[in-house]
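Protein chains in written order, with our numbering: chain A, 34 to 465; chain B, 86 to 231. Ideal Cβ positions, reconstructed from N, Cα and C, are used throughout, including at glycine. Note that the coordinates shown come from a computational prediction; the quantities given were computed from them, not determined experimentally. These notes concern the structure reproduced below.
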Amino acid sequence: MDFDGLSVDQAPPISAPLRFFLTAPLFAVLAGILILLSDAQTLSGRYSMDAIAITHAITIGFLSFVMLGALTQMLPVLAGVKIAKVDMVAKISHFFLLFGTLFMIFGLEYDFSKLILSASLFLGIGFLTMIVSMLIGLRNVVNATPSVKAMITSLVFAFIIVLIGIHLLSSHGSGKFSELHVLLANIHSVWAIFGFAGVLIIGVAFHILPMFYVAPRFKKFCKQKVVWLISFGLFLWLILNLFFDSYSVVAKVWVALFFWAFATTVYLKLNARRRPISDITVWYWRSAAIFMTLGAFAWAINDFYDEKYIVVVSILIGGGFIFSIMSGMLYKIVPFLVWFHLNAKGYMSIPTMNDMIDKKLAKTQFLLFIISLVGFIISFFLPYILPIFAITFIASMIILEYNIVIPVLIYAKIIKTKPDFDMSMFTMKVEK
Amino acid sequence: MSTIKEYLTADHGRCDELFANMEDAVAKSIESAKEAYEEFAKATERHFQMEERVMFFEFEQKTGNTQGPTAMMRHEHVQMRNLIAEMGKAIEAKDKDKFFGNSETLMILMQQHNMKEEQMLYTMAQQHLSAESERIVDMMQSLIVQ
């Protein structure tokens with residue numbers, strides 16, 4: 034019997050997702066420090082070096098790290114496929130992304146062209162190793178559910194934006210910019226936000242919300258068509274941008290409409306959920322839905338103001354929507370992984386997931402994060418208050434890191450003791 | 086007559102509903118949640134046994150593979166049984182924190198498990214056992230829990 038590719042019995046080693054998760058908040062702290070040290074005025078434009086460096090500390094350093102880490106874990110569960118040599122792939126990808134992101138940030142900040150060129154190489158290797166490995170794994174999918182299709186779509190967008198990103202960054206490194214630079218930068222950012230992150234979030238939400246909160250299921254139309262319609266919108270936006278720029282707002286409204294609808298659906302589904310629990314993850318889902326709604330409108334309206342408010346739009350969607358969901362996910366997935374891997378190794382007396390996260394600290398972290406987001410938006414109009422919110426953001430991210438390090442320390446402590454049961458008799462294949 | 090996949094998938098949904106009822110009951114008052122807990126625990130145990138004693142068994146016979154996916158699913162059933170037992174103890178001890186700590190873990194484990202079954206194992210079972218689908222569903226329906 035050939036079950037190759039079907040991995041009912043394959044969980045990736047805990048280190049694969051954790052190395053990404055534990056790094057992510059540290060990059061957010063770095064982003065916070067850079068905001069604190071930057072001249073607030075230069076951050077109100079999207080093309081200053083400061084703005085590009087800080088944006089990528091967040092989008093690569095935090096968001097992509099969390100997404101890639103989560104994908105290593107979700108691929109076997111949601112799609113039933115394994116990434117070949119997942120441990121090695123994760124290590125290589127993490128190494129190159131870690132240094133690539135650092136090189137990029139400091140290369141841009143200090144205008145050091147060799148560092149920028151290395152960054153584009155490192156980031157290219159880091160991202161493509163992971164993306165290509167996952168796409169290869171996904172070829173073995175037997176049952177391509179809407180979530181799986183969304184994952185594949187998202188990874189294809191990721192592949193394209195990485196290639197564009199490499200080109201853009203090496204242009205900064207060499208100082209030679211093509212005529213298409215601004216256009217490519219636009220495609221890179223819009224497809225990254227809506228194509229890579231947005232589609233992935235929507236695809237995963239189809240599963241997560243009904244399952245983990247016993248919320249009503251998404252409608253068939255939603256599951257089967259929305260990802261396709263959004264992708265169509267993103268391609269239409271590209272074509273209009275290239276040839277009929279003045280009409281590109283049509284495609285923007287199209288894409289924004291679906292994300293707004295998604296955000297509203299999430300909010301309503303959470304209201305109708307059957308599970309009474311209201312934990313930090315639920316709050317993050319809710320805040321994500323609210324910020325996405327505001328962001329969708331702001332993005333569409335921004336066009337009529339000559340893109341003057343694009344930074345506000347980025348904070349609403351990148352920070353309020355994507356960042357919120359990623360943070361919320363960390364609070365669930367890290368304690369669960371710790372519990373799951375210890376249990377699989379035969380440890381029975383493990384703290385429960387709720388014991389691993391200090392609820393009060395989690396709440397404080399959430400509140401500081403929301404205050405920072407709102408503060409960043411206000412700072413766009415009143416730049417001199419920005420440092421206050423850079424500090425609240427740094428504090429929030431230090432607490433986030435602390436909150437997810439605690440379960441990992443619990444893991445490290447317990448794993449040193451002798452298990453309650455010898456599990457070698459089971460055929461469990463959790464790779465070391 | 087539903088297929089093996091449809092029948093067991095629908096049963097997952099039923100267990101989820103009972104899980105939500107139980108949590109709801111505990112949130113309102115842990116003193117009077119015992120009935121809801123037992124209803125959930127009973128339905129889940131029945132589901133496990135329908136799989137272990139009927140469907141997995143038939144699947145293993147047909148494919149000659151007892152160390153493959155079904156072994157992993159059986160192992161996860163053991164993990165879930167332990168958590169359900171812990172939740173029962175928490176209700177006896179009227180310890181809400183302990184109950185929700187375990188129920189949260191169970192929920193994620195259970196959903197991971199269900200996804201793997203619904204995406205892969207049931208689909209594989211349906212392919213290998215399609216000729217006997219009706220008989221197997223019938224046996225699962227008439228199963229007496231041990």
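Determine whether the Cβ of residue 209 of chain B lies closer than 9 Å to any Cβ atom of chain A. Residue mapping note: residue 209 of chain B aligns to position 124 of the second sequence, counting from 1. Yes, its Cβ sits closer than 9 Å to a Cβ of chain A.
Contact list for residue 194 of chain B against chain A, beta-carbon separation under 9 Å: To locate residue 194 of chain B, count along the second sequence from 1; it is residue 109. What residue 194 of chain B touches in chain A, judged by beta-carbon distance under 9 Å, is 369, 372, 373, 376, going in chain order.
Cβ neighbour criterion (16 or more within 10 Å) applied to residue 177 of chain B: Within the second sequence, residue 177 of chain B is the residue found at index 92, counting from 1. By the beta-carbon neighbour count (other beta carbons within 10 angstroms, threshold 16), residue 177 of chain B is exposed.
Would the segment 371-387 of chain A count as touching the segment 280-295 of chain A if we require 3 or more Cβ pairs under 8 Å? Cβ pair count under 8 Å is below three, so no.
Inter-residue Cα distance where the pair is residue 97 of chain B and residue 196 of chain B: Position 12 of the second sequence, counting from 1, holds the residue named residue 97 of chain B. Position 111 of the second sequence, counting from 1, holds the residue named residue 196 of chain B. Between residue 97 of chain B and residue 196 of chain B, the C-alpha separation is close to 9 Å.
If you draw a straight line from the C-alpha of residue 397 of chain A to the C-alpha of residue 274 of chain A, how long is it? As a first step, residue 397 of chain A must be located in the first sequence, where it is residue number 364. As a first step, residue 274 of chain A must be located in the first sequence, where it is residue number 241. Roughly 43 Å separates the two Cα atoms.
How about residue 104 of chain A: is its C-beta nearer than 9 Å to some C-beta of chain B? Indexing the first sequence from 1 puts residue 104 of chain A at position 71. Output row for residue 104 of chain A: interface = no.
As assigned by DSSP and simplified to three states, the class of residue 172 of chain A: Here the question's residue 172 of chain A lines up with position 139 in the first sequence. Coil, per DSSP.
Minimum Cβ-Cβ distance from residue 173 of chain B to chain A less than 9 Å: Indexing the second sequence from 1 puts residue 173 of chain B at position 88. With its beta carbon at least 9 Å from every one in chain A, residue 173 of chain B lies outside the interface.
Would you please verify whether the beta carbon of residue 172 of chain A is less than 9 Å from any beta carbon of chain B? As a working note, residue 172 of chain A is residue 139 in the first sequence. With 9 Å as the cut-off, residue 172 of chain A does not count as an interface residue toward chain B.
So, is residue 121 of chain A buried or exposed, given that buried needs 16 or more other C-beta atoms within 10 angstroms? As a first step, residue 121 of chain A must be located in the first sequence, where it is residue number 88. The residue in question, residue 121 of chain A, is exposed, as its Cβ has fewer than 16 Cβ neighbours within 10 Å.
Does the CB of residue 205 of chain B have a neighbour CB from chain A at under 9 Å? Counting from 1 along the second sequence, the entry for residue 205 of chain B is found at position 120. Chain A, which has a Cβ nearer than 9 Å to the Cβ of residue 205 of chain B, makes this yes.
State yes or no: is the C-beta of residue 251 of chain A within less than 9 Å of the C-beta of residue 178 of chain A? Position 218 of the first sequence, counting from 1, holds the residue named residue 251 of chain A. Position 145 of the first sequence, counting from 1, holds the residue named residue 178 of chain A. The answer is no: Cβ separation not under 9 Å.
Would you report the Cα separation of residue 435 of chain A and residue 363 of chain A, rounded to the nearest angstrom? Indexing the first sequence from 1 puts residue 435 of chain A at position 402. Indexing the first sequence from 1 puts residue 363 of chain A at position 330. Cα-Cα distance, rounded: 12 Å.
Cβ atoms of residue 61 of chain A and residue 102 of chain A: under 9 Å apart, would you say? The sequence position of residue 102 of chain A within the first sequence is 69, counting from 1. The sequence position of residue 61 of chain A within the first sequence is 28, counting from 1. Against a cut-off of 9 Å, the Cβ pair of residue 61 of chain A and residue 102 of chain A comes out as no contact.
For chain B, check one thing: does any of its Cβ atoms lie closer than 9 Å to the Cβ of residue 79 of chain A? If you number the first sequence from 1, residue 79 of chain A lands on position 46. Not one chain B Cβ lies under 9 Å of residue 79 of chain A.
Quick check on DSSP: helix, strand or coil for residue 458 of chain A? Taking the first sequence and counting its residues from 1, the one referred to as residue 458 of chain A is at position 425. With a pLDDT of only 49 at residue 458 of chain A, under 50, the local geometry of the prediction cannot be trusted, and the value read off the model is given with reservation. Residue state, collapsed to three classes: helix.
Excluding the 5 residues flanking residue 104 of chain A on each side, which residues of the same chain have their C-beta closer than 7 Å to its C-beta? The residue given as residue 104 of chain A occupies position 71 in the first sequence. If we look at residue 104 of chain A and ignore the five residues flanking it on each side, its Cβ neighbours are 167.
Residues in its own chain within less than 6 Å of residue 107 of chain B by CB, not counting five upstream and five downstream? In the second sequence, counting from the first residue as 1, residue 107 of chain B sits at position 22. Excluding residues within five positions, the ones whose Cβ falls inside 6 Å are 121, 122, 125.
Output needed for residue 81 of chain A: all residues of its chain with C-beta closer than 8 Å, excluding positions within five of it in sequence on either side, in chain order. Taking the first residue of the first sequence as 1, we reach residue 81 of chain A at position 48. Within the same chain, residue 81 of chain A has close Cβ partners 75.
Cβ of residue 94 of chain B within 9 Å of any chain A Cβ: As a first step, residue 94 of chain B must be located in the second sequence, where it is residue number 9. Not an interface residue.
Within the 9 Å Cβ cut-off, does residue 196 of chain A reach chain B? Residue 196 of chain A sits at position 163 when you count from the first residue of the first sequence. No - not a single Cβ of chain B is within 9 Å of the one on residue 196 of chain A.
Give me the Cα-Cα distance between residue 46 of chain A and residue 371 of chain A, rounded to the nearest whole angstrom. As a first step, residue 46 of chain A must be located in the first sequence, where it is residue number 13. As a first step, residue 371 of chain A must be located in the first sequence, where it is residue number 338. Their backbone Cα atoms lie some 11 Å apart in a straight line.
Going by C-alpha distance, which of A:140, A:98, A:112 is nearest residue 123 of chain A? The residue you call residue 123 of chain A lines up with position 90 of the first sequence. When each option's Cα is compared against that of residue 123 of chain A, the closest is A:98.
Buried or exposed: which applies to residue 144 of chain A, given that a residue is buried once 16 or more other Cβ atoms fall within 10 Å of its Cβ? The residue labelled residue 144 of chain A in the question sits at position 111 within the first sequence. That one is exposed.
Could you give the DSSP three-state label for residue 319 of chain A: helix, strand or coil? Numbered from 1 along the first sequence, position 286 holds the residue referred to as residue 319 of chain A. Helix at residue 319 of chain A.
So the candidates are B:189, B:149, B:226, B:114; which of them puts its Cα closest to the Cα of residue 168 of chain B? As a working note, residue 168 of chain B is residue 83 in the second sequence. For residue 168 of chain B, the nearest C-alpha among the options comes from B:189.
Using CA coordinates, which residue listed in A:385, A:428, A:333 is at the minimum distance from residue 399 of chain A? The residue given as residue 399 of chain A occupies position 366 in the first sequence. Closest option to residue 399 of chain A, Cα to Cα, is A:428.
Are the CB atoms of residue 196 of chain A and residue 156 of chain A nearer to each other than 9 Å? As a working note, residue 196 of chain A is residue 163 in the first sequence. As a working note, residue 156 of chain A is residue 123 in the first sequence. The answer is no: Cβ separation not under 9 Å.
DSSP-derived helix/strand/coil call for residue 277 of chain A: As a first step, residue 277 of chain A is located in the first sequence; it is residue number 244 there, counting from the start. Under the three-state reduction of DSSP, residue 277 of chain A is assigned to coil, being neither helix nor strand.
Rank A:117, A:182, A:84, A:172 by C-alpha distance to the C-alpha of residue 137 of chain A and give the top, closest one. Taking the first residue of the first sequence as 1, we reach residue 137 of chain A at position 104. Minimum Cα distance to residue 137 of chain A is reached at A:84.
Between residue 115 of chain A and chain B, is the shortest Cβ-Cβ distance under 9 Å, so that the two count as touching? If you number the first sequence from 1, residue 115 of chain A lands on position 82. Not one chain B Cβ lies under 9 Å of residue 115 of chain A.
Just mark residue 77 of chain A as buried or exposed, buried being the case when its beta carbon has 16 or more other beta carbons within 10 Å. Sequence index remark: in the first sequence, residue 77 of chain A carries index 44 (1-based). Classification of residue 77 of chain A: buried, given that the 10 Å Cβ count is 16 or more.
Let me see if you follow: with CB-CB separation under 9 Å, is residue 190 of chain B close to chain A or not? Indexing the second sequence from 1 puts residue 190 of chain B at position 105. Residue 190 of chain B counts as touching chain A.
Just to check my reading of the structure: residue 116 of chain B and residue 179 of chain B have Cβ atoms closer than 8 Å, yes? What is that Cβ distance to the nearest angstrom? In the second sequence, the residue the question calls residue 116 of chain B occupies position 31. In the second sequence, the residue the question calls residue 179 of chain B occupies position 94. Right, their Cβ atoms sit about 6 Å apart.
Tell me, please, whether the segment 201-211 of chain B touches the segment 149-161 of chain B by the rule of three or more beta-carbon pairs shorter than 8 Å. Pairwise C-beta distances place the segment 201-211 of chain B in contact with the segment 149-161 of chain B, as three or more of them are shorter than 8 Å.
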